[in-house]
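Chains as they are written, first to last, in my numbering: chain W, 8 to 122; chain X, 14 to 124. Beta carbons are placed, not taken as given, at the ideal position from N, Cα and C, and that holds for glycine.
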Amino acid sequence: GAVVSQHPSRVICKSGTSVKIECRSLDFQATTMFWYRQFPKQSLMLMATSNEGSKATYEQGVEKDKFLINHASLTLSTLTVTSAHPEDSSFYICSATGGEGQPQHFGDGTRLSIL
Amino acid sequence: DAKTTQPPSMDCAEGRAANLPCNHSTISGNEYVYWYRQIHSQGPQYIIHGLKNNETNEMASLIITEDRKSSTLILPHATLRDTAVYYCIVRVEYNFNKFYFGSGTKLNVKP
């Protein structure tokens, strides 16, 4: 089945650091990828839609200057958490879809801890 | 916002069928129903999806009512490894295939 790879799986860094997370579709082309955030004991919250070759679209309340998204190719999207602070600590998950009406396939997530 | 309602938790005995309900009374005509599950600290895993007809694959069966306002995911022989949070999602129509997750059902499979 379709595989989405997310890297790194865990990051621990100091406050003020910028952190980049990669999301790759390994065996299919994904014109659209999605980024989610999940706090402990809560559901996944959609942050933004990453579109290949164009700007990402952000959900209401998500700061686009804080969470930079780049979708440089049909198999790679990156999320950069800029100047991260402890409140940005969370589980970040990406997903990719092969097209309209198709399932989303999720990466295994990145656990970000800001000290 | 999520368009589905699920019970917060359910218990099931190992080896028995697990039947997980989902209410999606405001579903539109061409919106699909998707089911995913999330095992602790992992990304969600795709299980099954359907539009109108019942669907079956190697993991589960999906039963959609004729009026499409509710559905049931059936795990025919639950194992301890099926313990997870199960999410029922209605894909938002014409919105780039976005998924909005509700709170899901925590299925506890017990020996």
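- prompt: How about T18 of chain X and N36 of chain X: are their beta carbons less than 7 Å apart?
  reply: Closer than 7 Å, so yes.
task: Return the Cβ separation of A79 of chain W and M40 of chain W in integer angstroms, given the expectation that the two are a contact with Cβ distance under 8 Å.
output: Between M40 of chain W and A79 of chain W the Cβ distance is about 11 Å, and since that is not below 8 Å, they are no contact.
- prompt: If you measure beta-carbon to beta-carbon, which residues of the stretch 50-66 of chain X are closer than 7 Å to chain W?
  reply: Legend: CB atoms of the stretch 50-66 of chain X lying less than 7 Å from CB atoms of chain W belong to residues Q55, G56, P57, Y59 and H62.
query: Closest Cβ-Cβ distance between N32 of chain X and chain W: below 7 Å?
result: Cβ-Cβ to chain W under 7 Å: no for N32 of chain X.
- request: Give me the Cα-Cα distance between T75 of chain W and M54 of chain W, rounded to the nearest whole angstrom.
  value: Correcting the residue identity first, residue 75 of chain W is Leu in this sequence and not Thr. About 11 Å.
field: Which listed residue (W:A63, W:F113, W:S96 and W:F35) has its alpha carbon closest to that of P47 of chain W
entry: For the residues W:A63, W:F113, W:S96 and W:F35, the minimum Cα distance to P47 of chain W belongs to W:S96.
task: Enumerate in chain order the residues of its own chain whose CB-to-CB distance from L33 of chain W is below 6 Å, with the five nearest sequence positions on each side excluded.
output: Closer than 6 Å at the Cβ level, and outside the excluded window around L33 of chain W, lie V10 and S12.
query: Comparing the C-beta of P93 of chain W with each C-beta of chain X, is any distance below 7 Å?
result: Taking Cβ atoms only, chain X never reaches closer than 7 Å to P93 of chain W, which makes this a no.
- prompt: Who are the neighbours of L53 of chain W on chain X, taking C-beta pairs under 9 Å?
  reply: Result: K111, F112, Y113 and F114.
task: Find the residues of chain X that neighbour F113 of chain W, judging by a C-beta separation of less than 7 Å, and give them in chain order.
output: Ordered by position in chain X, the residues that pass the 7 Å Cβ test against F113 of chain W are G56 and P57.
field: Rounded distance between the beta-carbons of I19 of chain W and L122 of chain W, thought under 8 Å
entry: Rounded, the Cβ-Cβ distance is 7 Å, consistent with contact.
message: For chain X, check one thing: does any of its Cβ atoms lie closer than 7 Å to the Cβ of S50 of chain W?
response: With 7 Å as the cut-off, S50 of chain W counts as an interface residue toward chain X.
query: Does the beta carbon of P15 of chain W sit closer than 7 Å to a beta carbon anywhere in chain X?
result: Taking Cβ atoms only, chain X never reaches closer than 7 Å to P15 of chain W, which makes this a no.
query: Under three-state DSSP, which class holds L93 of chain X?
result: Helix.
query: Between G68 of chain W and chain X, is there a C-beta pair that is closer than 7 Å?
result: No, G68 of chain W does not count as interfacial toward chain X.
- prompt: Taking the beta strand (DSSP E) that D24 of chain X falls in, what are its first and last residues?
  reply: Annotation: the continuous beta strand (DSSP E) that includes D24 of chain X extends over S22 to A26.
- prompt: Leaving out the 5 sequence neighbours to the left and right, which residues in its chain are closer than 6 Å to K82 of chain X when beta-carbon positions are compared?
  reply: Excluding residues within five positions, the ones whose Cβ falls inside 6 Å are S38.
task: Closer than 8 Å, Cβ to Cβ, to anything on chain W: give me those residues from the stretch 36-47 of chain X, in chain order.
output: Cβ contacts with chain W come from Y45 and Y47.
- prompt: If you measure from the beta carbon of I19 of chain W to each beta carbon in chain X, is any gap under 7 Å?
  reply: It does not: the Cβ of I19 of chain W has no partner Cβ on chain X nearer than 7 Å.
message: Could you pull the DSSP bridge partners for K62 of chain W from this structure?
response: Paired residues: none, contrary to the question.
- prompt: With a cut-off of 8 Å, do at least 3 Cβ pairs link the stretch 113-120 of chain W to the stretch 47-67 of chain X?
  reply: With a cut-off of 8 Å, the stretch 47-67 of chain X and the stretch 113-120 of chain W count as touching, because enough Cβ pairs lie within range.
- prompt: Measuring CA to CA, which of W:N77, W:P93 and W:E94 is closest to I28 of chain W?
  reply: Check the Cα spacing between I28 of chain W and each of W:N77, W:P93 and W:E94: the tightest is with W:N77.
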